[in-house]
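What follows is a set of notes on a single structure, which appears directly below.
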Amino acid sequence: MAKVMAKKVAKKVAFFGLGNMGGPMAANLVKAGFEVCAFDLVPASVEKAAADGCSAATSEKDAVAGADFVVTMLPNGAIAEALYIDGAGLLDLVESSAVLIDCSTVAASSSRRIGAEAKQRNIRAIDAPVSGGVAGAAAGTLAFMCGGEAADVEAAKEVLKHMGANIFHAGPSGAGQVAKACNNMLLAVHMIGTAEALQLGVNNGLDPKTLSEIMLKSSGCNWSLEKYNPYPGVMEGVPASRNYSGGFMVKLMQKDLGLAMEAALASKSATPMGALASNLYNLYANTGDKDNSDLDFSSIQRFFGDTP
Ligand code: NAD
Numbered sequence: 554m555a556k557v558m559a560k561k562v563a564k565k566v567a568f569f570g571l572g573n574m575g576g577p578m579a580a581n582l583v584k585a586g587f588e589v590c591a592f593d594l595v596p597a598s599v600e601k602a603a604a605d606g607c608s609a610a611t612s613e614k615d616a617v618a619g620a621d622f623v624v625t626m627l628p629n630g631a632i633a634e635a636l637y638i639d640g641a642g643l644l645d646l647v648e649s650s651a652v653l654i655d656c657s658t659v660a661a662s663s664s665r666r667i668g669a670e671a672k673q674r675n676i677r678a679i680d681a682p683v684s685g686g687v688a689g690a691a692a693g694t695l696a697f698m699c700g701g702e703a704a705d706v707e708a709a710k711e712v713l714k715h716m717g718a719n720i721f722h723a724g725p726s727g728a729g730q731v732a733k734a735c736n737n738m739l740l741a742v743h744m745i746g747t748a749e750a751l752q753l754g755v756n757n758g759l760d761p762k763t764l765s766e767i768m769l770k771s772s773g774c775n776w777s778l779e780k781y782n783p784y785p786g787v788m789e790g791v792p793a794s795r796n797y798s799g800g801f802m803v804k805l806m807q808k809d810l811g812l813a814m815e816a817a818l819a820s821k822s823a824t825p826m827g828a829l830a831s832n833l834y835n836l837y838a839n840t841g842d843k844d845n846s847d848l849d850f851s852s853i854q855r856f857f858g859d860t861p
């Protein structure tokens with residue numbers, strides 16, 4: 554009797570939010586062999602996703618029909634809560650076996666609400682905000698900070714491993730968002746400190762490159778100095794070397810610092826450095842004759858003095 558070979562059926566991912574981050578993330582899932590059904594409110598984003606091999610969904614309901622996984626990469630928590638609960642109501646449309654993964658950066662309280670509403674319906678859902686930016690999304694090297702049940706994070710890895718290089722389980726629902734807020738608050742603090750120290754040296758006659766070399770081998774060494782030097786002309790290939798274009802925009806750092814301040818308020822935590830960093834970025838973004846909010850966040854260097 555002839556052997557009948559079973560044809561491997563691709564698993565289906567419903568992907569919502571095909572913007573700067575979601576677009577390349579969805580493209581990586583197509584490359585990994587998933588059937589990706591894309592939904593976005595902007596037709597151009599869906600067309601781009603279709604060119605990358607996704608199929609275009611006509612509605613939220615159409616996107617999740619038969620989906621094994623749902624991935625969302627949305628601008629903020631209000632939009633995420635509307636999509637999952639109050640508006641389109643994905644939680645009432647998805648297959649009961651689907652794993653829901655919200656990669657958007659939102660307040661921990663939003664993620665906890667989505668997680669609790671999903672649990673009431675016996676649906677698996679995790680928060681999985683990312684670090685690594687647009688370059689990491691394109692290269693498939695993002696870091697995912699997950700919050701939710703350990704078994705659900707494990708199940709989500711089947712999809713996450715094709716979009717990222719590191720997947721962390723931070724704790725219960727919302728914990729991924731807390732980890733992300735802590736990390737980006739610290740990033741803002743050491744970026745500002747690095748810019749301030751470099752300007753102090755320059756103002757006192759030092760070459761910023763020489764000063765950077767000294768601090769890299771001394772106790773002031775940190776990620777901003779080592780990988781993302783904010784002073785123009787010191788390091789090649791970073792936003793400071795191309796007029797602070799590309800990279801991680803000031804407005805996104807403002808958003809993340811706002812979320813860190815929300816988490817601090819909710820937990821009655823003292824975050825004096827984070828609060829100062831948040832205020833400095835708000836001041837830098839919105840004062841002066843120029844709008845700096847679309848520049849890379851390392852351009853905070855200009856707050857301390859004129860740069861070449
Ligand atoms: P973006 O604005 O480029 O993309 C968001 C997309 O979501 C848009 O295409 C928009 O049309 C779509 N959208 C909005 N409402 C929708 C809905 N109801 N249904 C379907 N689609 C909808 O933003 P981005 O830069 O891709 O960022 C997405 C998320 O990732 C944000 O939460 C951001 O904070 C986070 N993030 C961004 C970066 C970065 O460097 N850009 C880095 C880390 C994390």
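Residues are numbered in our numbering as their position in the sequence shown, beginning at 1, plus a constant of 553. Idealized CB from N, CA, C, for every residue including glycine. The structure displayed is predicted, hence computed values, not measured ones.
Determine the direct distance from the alpha carbon of residue j to that of residue i, and round the result to whole angstroms.
| i | j | result |
| --- | --- | --- |
| MET744 | ASN737 | 10 Å |
| MET578 | GLU789 | 27 Å |
| VAL589 | VAL562 | 13 Å |
| VAL624 | ARG666 | 17 Å |
| GLU634 | PRO761 | 46 Å |
| PRO733 | ALA816 | The amino acid occupying residue 733 in the given sequence is Lys; Pro does not appear at that position. When rounded, the distance between both Cα atoms is 11 Å. |
| ARG629 | THR824 | Checking the sequence, you will find Asn at residue 629 rather than Arg. Spanning the two alpha carbons is a distance of roughly 23 Å. |
| THR747 | GLY800 | 17 Å |
| PHE569 | ALA641 | 12 Å |
| GLY693 | HIS715 | 6 Å |
| SER777 | LEU740 | 8 Å |
| GLY758 | MET768 | 16 Å |
| ALA813 | VAL706 | 23 Å |
Using a 10 Å radius around the Cβ and a threshold of 16 neighbouring Cβ atoms, would you call residue i buried or exposed?
| i | result |
| --- | --- |
| ASP847 | exposed |
| SER851 | buried |
| GLY717 | buried |
| ASN839 | exposed |
| PHE658 | Residue 658 is actually Thr in this sequence, not Phe. Burial call: buried. |
| THR763 | exposed |
| GLY586 | exposed |
Rounded C-beta distance between residue i and residue j? I'm assuming under 8 Å.
| i | j | result |
| --- | --- | --- |
| GLN730 | ALA660 | 7 Å |
| ALA830 | LEU810 | 6 Å |
Is residue i near ligand 1, in the sense that its beta carbon is under 7 Å from a heavy atom of that ligand?
| i | result |
| --- | --- |
| ILE632 | yes |
| ASP859 | no |
| GLY758 | no |
| PRO792 | no |
| LEU646 | no |
| MET716 | no |
| PRO628 | yes |
| PHE801 | yes |
| THR658 | yes |
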